[in-house]
Amino acid sequence: MLNATGPQPEAQVTEIARADHLAQLNFFVKSPVLLGRAVLPGMQARRFGRLVHIDSEVAHRPPPGRSASATAKSAQVGLTYSWARELAPFGITVNTVAPGFVPVERHADVREIRDAYLASVPAGRMGTPADIAHAVSFLTSE
Numbered sequence: 001m002l003n004a005t006g007p008q009p010e011a012q013v014t015e016i017a018r019a020d021h022l023a024q025l026n027f028f029v030k031s032p033v034l035l036g037r038a039v040l041p042g043m044q045a046r047r048f049g050r051l052v053h054i055d056s057e058v059a060h061r062p063p064p065g066r067s068a069s070a071t072a073k074s075a076q077v078g079l080t081y082s083w084a085r086e087l088a089p090f091g092i093t094v095n096t097v098a099p100g101f102v103p104v105e106r107h108a109d110v111r112e113i114r115d116a117y118l119a120s121v122p123a124g125r126m127g128t129p130a131d132i133a134h135a136v137s138f139l140t141s142e
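Residues in the sequence shown are numbered from 1 upward in steps of one, following this note's numbering.
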């Protein structure tokens, strides 16, 4: 499972620096590539493996001011699709789980944002870390 995140710059498209876009691409694409290079040879030899990227909805519902993150996450999704097709003949599945806003400890001070987000969720409830864990557990099972 790949679940890496870091600082995500927030700036309007006319103000975000090229370096911010490149840093996000470097982080969200380089991480899975390096991990893949480390684990894929063994998976291919065994003809079995499971890779799950933890994405986010930012690739599918990008908020204003987050073009660098949205671009990088979209690249990560493309990488997942590409690898899934390429590695399937080796018995290796590659998936992505793209949760929305999941309130955890680091979101304790953003109640207003959390409430506004919840109002946009058709199911009427926020996801939980356990929801994500269950999805990943299924995707990594035989």
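Note that beta-carbon positions come from the ideal geometry of N, C-alpha and C, so glycine has one too.
CB contact flag (residue i, residue j, <8 Å)
| i | j | result |
| --- | --- | --- |
| residue 132 | residue 102 | yes |
| residue 65 | residue 112 | no |
| residue 32 | residue 79 | yes |
| residue 56 | residue 108 | no |
| residue 143 | residue 100 | Look at the range of the chain in this structure, 1 to 142, and you will see that residue 143 is not part of it. |
| residue 16 | residue 74 | no |
| residue 25 | residue 72 | yes |
Contact belief for residue i with residue j at Cβ below 8 Å, rounded distance in angstroms
| i | j | result |
| --- | --- | --- |
| residue 69 | residue 8 | 4 Å |
Residue i versus the options, residue with shortest Cα-Cα distance
| i | options | result |
| --- | --- | --- |
| residue 96 | 51, 23 and 26 | 51 |
| residue 59 | 114, 28 and 110 | 28 |
| residue 138 | 124, 18, 93 and 72 | 93 |
| residue 34 | 76, 135 and 127 | 76 |
| residue 44 | 82, 72 and 86 | 86 |
| residue 104 | 89, 83, 135 and 130 | 130 |
| residue 83 | 115, 124 and 36 | 36 |
| residue 125 | 114, 134 and 135 | 114 |
| residue 88 | 120, 61, 49 and 135 | 49 |
DSSP bridge partner residues for residue i (one or two, in chain order)
| i | result |
| --- | --- |
| residue 50 | 93 |
Problem - 4 or more residues per run - each alpha helix (DSSP H) lying fully within the region 76–142 - result: 111–119 and 129–140
Handout entry: 3-residue-minimum beta strand (DSSP E) runs that sit fully inside the region 23–72, ordered along the chain
Key = 49–54
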